[in-house]
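Q: Count along the sequence shown from 1, then add 47; that gives the number in my numbering.
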Amino acid sequence: LIIPHGTHSDSTNSAVELKRKYNLENKMVLTTFGLLSPNKGIEKGIMAMKEISAHFPEAIYIVLGQTHPNLLEQEGEKYRNYLQQIIEENNLQENVKLINEYIPIKKLMEYLALTDIYLFTSKDPNQAVSGTFLYAMSAGCPIISNSFVLAKEMLDEKTGVILETNNENELAGNAIRLLKDDQLRT
């Protein structure tokens, strides 16, 4: 018996309307969401923004979500502070936003609807499934993903990009290629 991972309905609002609502007008939006922890690999997305923002100064990487409660209990906001430090050291304050809040489903689906590229940077190649990945896919987001079980099952050259080297330069190069080509991204 196989029970598919469920997802929610896509937002009915247009991306342009939603970008206006969230003060992201004229921005190219890259998004990641979920509970933050080091195994999510968010630092790779942040580092990729150095190269991406050099080509697209209007690009912004939005990381939605609170720190994982277990991590918060063990070490507080050490990981989030580390990510913020990377942002500041690389002068990416205008190009990366960490939104430290629980995002209700309706708002999450709106963020996904305005997303130009969804980044899945998890470090675990043996991860079997990801709710965040499936939500992004069901919302029609172009996805750039590390190689893992679900990505290999769901993505091909017509539905997304699977990173082979899992480094920020490969991520940046693919994001730039997609941001330059509306038709390919669609």
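All residues carry an ideal CB built from backbone N, CA and C; glycine is no exception.
Nearest to Gly187 by alpha carbon, out of Lys170, Thr78, Leu119 and Asn213?
A: Closest option to Gly187, Cα to Cα, is Thr78.
Q: Determine, using beta-carbon pairs with one atom in the segment 163–171 and one in the segment 136–152, whether at least three such pairs fall under 8 angstroms.
A: no
Q: When DSSP builds the beta bridges, which residues end up paired with Tyr108?
A: Leu77 and Val143
Q: Opposite Leu71 in the DSSP bridges: which residues?
A: Per DSSP, none; premise fails for Leu71.
Q: Measure from the alpha carbon of Ser194 to the alpha carbon of each residue in Ser100, Ile209, Val76 and Asn70, then state which is nearest.
A: Of the listed residues, the one whose Cα sits closest to Ser194 is Ile209.
Q: Rounded to whole angstroms, what is the Cα-Cα separation between Gln113 and Asp229?
A: 31 angstroms
Q: Can you check DSSP and say which residues form a bridge with Ile191?
A: Ile191 pairs with Leu166 and Val208.
Q: How many whole angstroms separate the CB atoms of His115 and Leu83, which I take to be in contact at a CB cut-off of 8 angstroms?
A: 6 angstroms
Q: Considering Asn221, what are the terminal residues of the alpha helix (DSSP H) in which it resides?
A: Glu215 to Lys227
Q: With distance defined between alpha-carbon atoms, name the residue in Gly92, Glu122, Glu105 and Asp203 nearest to Pro111.
A: One detail in the question is off: residue 111 reads as Leu in this sequence, not Pro. Measuring from the Cα of Leu111, the nearest candidate turns out to be Gly92.
Q: Could you name the residues of the same chain whose beta carbon sits closer than 6 angstroms to that of Gln174, not counting the 5 residues immediately before and after it, in chain order?
A: Phe195
Q: Please tell me whether Phe80 and Thr179 are closer than 8 angstroms, where the distance is taken between their beta carbons.
A: Yes, the pair counts as a contact, with Cβ atoms nearer than the cut-off.
Q: If I measure Cβ to Cβ from Asp171 and keep anything under 7 angstroms in the same chain, skipping five residues before and after, which residues do I get?
A: Asn86 and Phe195
Q: Determine the burial state of Thr127: buried for a count of at least 16 other Cβ atoms within 10 Å of its Cβ, exposed for fewer.
A: Strictly speaking, residue 127 in this sequence is Arg, with Thr absent from that position. Buried: at least 16 other Cβ atoms inside 10 Å.
Q: Less than 8 angstroms between the C-beta atoms of Leu159 and Ala183, yes or no?
A: Yes, these two residues count as a Cβ contact at 8 angstroms.
Q: Excluding the five sequence neighbours on either side, which residues of its own chain have a C-beta within less than 8 angstroms of the C-beta of Gln131, listed in chain order?
A: Leu145
Q: Hey, Leu226 and Ala106 are a contact pair by Cβ (cut 8 angstroms); roughly how many whole angstroms apart?
A: 7 angstroms
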